[in-house]
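Student:
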Amino acid sequence: MISLLYNRRIATAFFFIPLLSLTKLSHAQNSIGLEAGMSSSYLVTNISNRTSTVINSDRGFTANILLRHTIYRCLSAELIPGITRKSYSINRTDSLAGVYESFNNTYLQLPIGISLTYGRTLQVTIASGIYLGYWMAGRIKGKTPDIYAVTDSISPSGQVLGSYQLKSYDEKYVFSKQRDNRLETGWMLEAGIQYPFSHQYWVSAKARYYQALTSQEKNLSINQVQQYNQTWTFTIGISRMLDKK
Amino acid sequence: MRYKCIPLFLIAVTFFSCKKNIPNPVTNREPVNFGQVFDDYWNGMNANYMFWDIDTLDWNAVYSHYSPIFNKLDLQNKKDVESSVAYFRQIADGLIDHHYYLSFTNALLIDSSVYPAYDHILHDTGYRTPYSYFPLDLKYLDTGYLFGYDNTTDPANPLIVVSGTIHSNILFFSCNQFSLFSSFHSPVSNNAQPALRYLFNRLHNPSGLRGIVIDVRNNLGGDISDLNFLAGQFITTPLQFGYSRYKSGNGRLDYTPWISSVIAPQTGATTITTPITILCDKYSASLAEIFTMAMRLLPNCKTVGETTFGATGPLTDYGIYNDGSFTVPGFMSVKTASGEFKYIDGNIYEGKGFPPDYPVPFSAAGINAGTDVQLEKAISLLP
């Protein structure tokens, strides 16, 4: 319950601050929009000591509010509060193929950036910025060898051949205060196109790249191997100008 | 203004685009000095040791304290090499893992080892050496008991099993280790096989028995497959006895979720309502403890003897879970649990041992008088 309240407070902060900004910005050339799409994440770390193990990126989703304030004709400031699922999996290979652990982590994110827009009819936008994220929830799913479920057989030479059965799990991720670093900061790059279909409205398609600068784990030990989220998002959205030109 | 924006933007992109190169301190190098020996040992433990969630040893403090000491030692100096064992003993002294065992591959230390759990037993006020109850217990058995000895399946670790009856209606079974499955199914005939066949036949046809005594005292464990192979003879439906988990990453607290640990019924097993007593002692270790804990969940089972050894974490090859035992090439091997085991009651008995329902201390006087007080207590509990 406490964590739920805490989550609500964070969520309120995430959305309330941008909305406050919106009221202030609405006197200038401002726009608001909605976008949604897919995400693809990867965990950047070093697992060179772990045999027959690879990290793969997995797909998730993203949904954001687009707030933009035009500073000058081509230059805008943008604020993109939203939710992004950052999913990746750690997979065993070779004789252990089939053993895996996948993580579906949901983050509240607040990217803030500067964007440049080029073109008249079909516009190209690029942006860069920083973001603040909060690891809101997670789900962990996987299959692991069950050491107590060994199926043994005897080879003709009398050797015992044991094979572990795999046990599945699929459960809500339980956060550890000791281990998990739930606040994430990083940088962001964006490229996209947008098409105004009236004086006030335009549709957009955007790709963004988020690179965390904070490790997903707190610094528990000397020589700790750091873990950073790396996320691509691909969205389509619609925006509306709030002020008349 | 439009084009002035571009350089600023590119500077911002360049600034943020620095790529991270993440070092991994866990290596497989052969260390060339003592600083590297210590680092590789410390980092290997940091990533592979299972019990950082419950172990009270401050591993960061170990690094701060011992790294300068090891840096001063000379790997080419015989005296320094020999003195390193004492430092490793001091470090390992506080670890909770009772499987933990250091052996040395360095030629100068080939006869040295560090076994903290045994060191603790050694310094107990009630210390005693392991005692094999076989000769004593054979006196309690009815004639016709089956004594099995298999030194062909694993000549380095011969299996001893005894099956028989006491007072003609108490089934008794004892084994010195768990390698029952491999001996039973060995293509080479051995006399453990008839003893096991007799046991299984009686368990599958328990009529006429008023009790069953299983003795795992002085049994240091063995093949995990024996858990199903033996305990599975007593049940007709799967028996969940606890949970296990493993390391899922290099972080100290990177664990998989807990997965249920279940014993599968074996072919031919019937529901046994006959009272069962398990005999265990402080040298009942590893699988012998897990067996005791699992059997204790049967409503008709009680345990008698001493608190077990406290090495409940399962062991397997490093590659299965990428955790547990590892080596510092050319210097040492570290044997440590590959998993963490939590009993069905929610407790982790690693380093503590599983207490018996009926504590009966080891009695040297009883043994000298030809009496096994623990076995007698077990018999007295049967109707």
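Heads up: the sequence lines are chains C and Y, in that order. Read left to right, the first sequence gives residues 58 to 302 (this note's numbering). Read left to right, the second sequence gives residues 15 to 397 (this note's numbering). Glycine residues also receive a C-beta, built at the ideal position from the N, C-alpha and C atoms.
Between the stretch 281-288 of chain C and the stretch 91-103 of chain C, do three or more beta carbon pairs fall short of 8 Å?
Tutor: Using a C-beta cut-off of 8 Å, the stretch 281-288 of chain C makes contact with the stretch 91-103 of chain C, since at least three inter-stretch Cβ pairs fall below that distance.
Student: Which residue wins for smallest C-alpha separation from His199/Y, given the options Ser214/C, Phe232/C, Met245/C?
Tutor: Looking up residue 199/Y in the second sequence gives position 185. For His199/Y, the nearest C-alpha among the options comes from Ser214/C.
Student: Find out if the Cβ-Cβ distance for the pair Ser262/Y, Ile147/C is shorter than 8 Å.
Tutor: Counting from one through the second sequence, the residue named residue 262/Y turns up at place 248. Counting from one through the first sequence, the residue named residue 147/C turns up at place 90. Yes; because the gap between Cβ atoms is below 8 Å, this pair is in contact.
Student: Where Ser296/C and Ile171/C are concerned, what is the direct C-alpha to C-alpha distance, given to the nearest angstrom?
Tutor: Working through the first sequence from its first residue, we reach residue 296/C at position 239. Working through the first sequence from its first residue, we reach residue 171/C at position 114. Near 17 Å, if we compare the C-alpha coordinates of Ile171/C and Ser296/C.
Student: Which of helix, strand or coil does DSSP assign to Glu303/Y?
Tutor: The residue you call residue 303/Y lines up with position 289 of the second sequence. It is helical.
Student: Would you tell me roughly how many angstroms separate the C-alpha atoms of Gly327/Y and Ala75/Y, rounded to the nearest one?
Tutor: Counting from one through the second sequence, the residue named residue 327/Y turns up at place 313. Counting from one through the second sequence, the residue named residue 75/Y turns up at place 61. Straight-line Cα distance between these residues: approximately 25 Å.
Student: Would you grab the beta carbon distance between Thr306/Y and Ala392/Y for me? Rounded to a whole angstrom, and I think it's under 8 Å.
Tutor: For the purposes of this step, residue 306/Y is taken as the residue at position 292 of the second sequence. For the purposes of this step, residue 392/Y is taken as the residue at position 378 of the second sequence. So it is not a contact: roughly 13 Å between Cβ atoms.
Student: Measuring only between beta-carbons, confirm whether Ala61/Y sits less than 8 Å from chain C.
Tutor: What you label residue 61/Y is simply residue 47 of the second sequence in a count that begins at 1. It does; some Cβ of chain C falls within 8 Å.
Student: What beta strand (DSSP E) runs, 3 residues minimum, are completely inside the stretch 72-146 of chain Y?
Tutor: 115-118
Student: Strictly by DSSP, which residues pair up with Cys315/Y?
Tutor: Here the question's residue 315/Y lines up with position 301 in the second sequence. Answer is Ile290/Y, bridged to Cys315/Y.
Student: Tell me which same chain residues have a C-beta within less than 6 Å of the C-beta of Asn85/Y, skipping the five on either side of it?
Tutor: Along the second sequence, read from residue 1 onward, the residue named residue 85/Y stands at position 71. Result list for Asn85/Y: Gly49, in chain order.
Student: What are the uninterrupted segments assigned as alpha helix (DSSP H) that are 4 or more residues long and contained completely in the stretch 136-206 of chain Y, given in chain order?
Tutor: 148-152, 194-198
Student: Shortest alpha-carbon distance to Asp237/C belongs to which of Lys200/C, Thr271/C, Ser159/C, Tyr267/C?
Tutor: The count along the first sequence starts at 1 and reaches residue 237/C at position 180. Considering only alpha carbons, the answer is Thr271/C.
Student: Might you give, ordered along the chain, the residues of its own chain that have their beta carbon closer than 6 Å to the beta carbon of Lys366/Y, omitting 5 neighbours on each side?
Tutor: Taking the second sequence and counting its residues from 1, the one referred to as residue 366/Y is at position 352. Counting only Cβ-Cβ distances below 6 Å, and skipping sequence neighbours, we find Gly324.
Student: Report yes if the CB atom of Ile122/C is closer than 8 Å to the CB atom of Leu165/C, and no otherwise.
Tutor: Residue 122/C sits at position 65 when you count from the first residue of the first sequence. Residue 165/C sits at position 108 when you count from the first residue of the first sequence. Their beta carbons are not under 8 Å apart, which means Ile122/C does not touch Leu165/C by this criterion.
Student: Quick one: is Ala383/Y buried, meaning 16 or more other Cβ sit within 10 Å of its Cβ, or exposed?
Tutor: Counting from one through the second sequence, the residue named residue 383/Y turns up at place 369. Result: exposed.
Student: Are there 16 or more other CB atoms within 10 angstroms of the CB of Glu96/Y, so buried, or fewer, so exposed?
Tutor: Here residue 96/Y refers to the residue found at position 82 when the second sequence is read from its first residue. The residue in question, Glu96/Y, is exposed, as its Cβ has fewer than 16 Cβ neighbours within 10 Å.
Student: Just to make sure I have the definition right: I need the residues of chain C whose C-beta is within less than 8 Å of the C-beta of Val230/Y. Which are they?
Tutor: What you label residue 230/Y is simply residue 216 of the second sequence in a count that begins at 1. In chain order: nothing, as chain C lies at least about 17 Å away.
Student: With 8 Å set as the bound, which would you pick, yes or no: does the beta-carbon of Ser133/C sit closer than that to a beta-carbon of chain Y?
Tutor: As a working mapping, residue 133/C is identified with position 76 in the first sequence. The C-beta of Ser133/C comes no closer than 8 Å to any C-beta of chain Y.
Student: Pick helix, strand or coil for Ile362/Y, following the three-state DSSP scheme.
Tutor: Here residue 362/Y is taken as the residue at index 348 of the second sequence, counted from 1. Three-state result, Ile362/Y: coil.
Student: Please state whether DSSP places Thr80/C in a helix, a strand or coil.
Tutor: Here residue 80/C is taken as the residue at index 23 of the first sequence, counted from 1. With a pLDDT of only 42 at Thr80/C, under the threshold of 50, the placement of this residue in the model should not be trusted, and no figure is reported.
Student: Can you give me, in chain order, the residues of the stretch 340-371 of chain Y that have a beta carbon less than 8 Å from any beta carbon in chain C?
Tutor: Ser352, Gly353
Student: Can at least three beta-carbon pairs, one atom from the stretch 244-262 of chain C and one from the stretch 168-185 of chain C, be found at a separation below 8 Å?
Tutor: yes
Student: Is Ile273/Y close to chain C, meaning its C-beta is less than 8 Å from at least one C-beta of that chain?
Tutor: Taking the second sequence and counting its residues from 1, the one referred to as residue 273/Y is at position 259. Answer yes: the Cβ-Cβ gap between Ile273/Y and chain C drops below 8 Å somewhere.
Student: Taking only the alpha-carbon atoms, compute the straight-line gap between Thr288/Y and Thr166/Y and give it to the nearest angstrom.
Tutor: For this step, residue 288/Y is matched to residue 274 along the second sequence. For this step, residue 166/Y is matched to residue 152 along the second sequence. If I take the Cα positions, the gap works out to 34 Å.
Student: Can you name the start and end residues of the beta strand (DSSP E) that Ser96/C belongs to?
Tutor: One-based indexing of the first sequence puts residue 96/C at position 39. Unbroken beta strand (DSSP E) run through Ser96/C: 87-101.
Student: Taking only the alpha-carbon atoms, compute the straight-line gap between Lys265/Y and Arg224/Y and give it to the nearest angstrom.
Tutor: Within the second sequence, the letter at position 251 stands for residue 265/Y. Within the second sequence, the letter at position 210 stands for residue 224/Y. In the sequence on display, residue 265/Y carries Gly and not Lys. Each residue's alpha carbon lies about 52 Å from the other.
Student: Please list the residues of the stretch 100-123 of chain C that have a C-beta atom closer than 8 Å to any C-beta atom in chain Y, keeping them in chain order.
Tutor: Val101, Thr102, Asn103, Ile104, Ser105, Asn106, Arg107, Thr108, Ser109, Thr110
Student: In the stretch 177-206 of chain C, which residues sit with their C-beta less than 9 Å from some C-beta in chain Y, listed in chain order?
Tutor: Ile183, Ala184, Ser185, Gly186, Ile187, Ile197, Gly199, Thr201, Pro202, Asp203, Ile204, Tyr205, Ala206
Student: Looking only at its chain, what residues have a beta carbon closer than 6 Å to the beta carbon of Phe468/Y, apart from the 5 residues adjacent to it on each side?
Tutor: Not covered by the structure: residue 468/Y. The range shown for chain Y is 15 to 397.
Student: I'd like the span of the beta strand (DSSP E) that includes Leu241/Y, first residue to last.
Tutor: Taking the first residue of the second sequence as position 1, residue 241/Y is located at position 227. It is not in any beta strand (DSSP E) - Leu241/Y carries neither H nor E in the DSSP assignment.
Student: With a threshold of 8 Å between beta carbons, is Pro79/Y in contact with chain C?
Tutor: Translated into the one-based positions of the second sequence, residue 79/Y becomes position 65. Going by the sequence as given, residue 79/Y is His instead of Pro. Taking 8 Å as the threshold, the shortest C-beta distance from His79/Y to chain C does not fall below it.
Student: Looking at the C-beta of Thr167/Y, does it have a partner C-beta in chain C at a distance below 8 Å?
Tutor: Here residue 167/Y corresponds to residue number 153 of the second sequence, with the count starting at 1. Closer than 8 Å to some Cβ of chain C, the Cβ of Thr167/Y qualifies, so yes.
Student: Does Tyr175/C pass the burial test, meaning 16 or more other C-beta atoms within 10 Å, or should it be called exposed?
Tutor: Numbered from its first residue, the first sequence carries residue 175/C at position 118. Exposed, by the Cβ-count rule.
Student: Quick one: what does DSSP say His256/C is sitting in, helix, strand or coil?
Tutor: Residue numbering aside, residue 256/C sits at position 199 when the first sequence is read from its first letter. If DSSP states are grouped into helix, strand and coil, His256/C belongs with coil.
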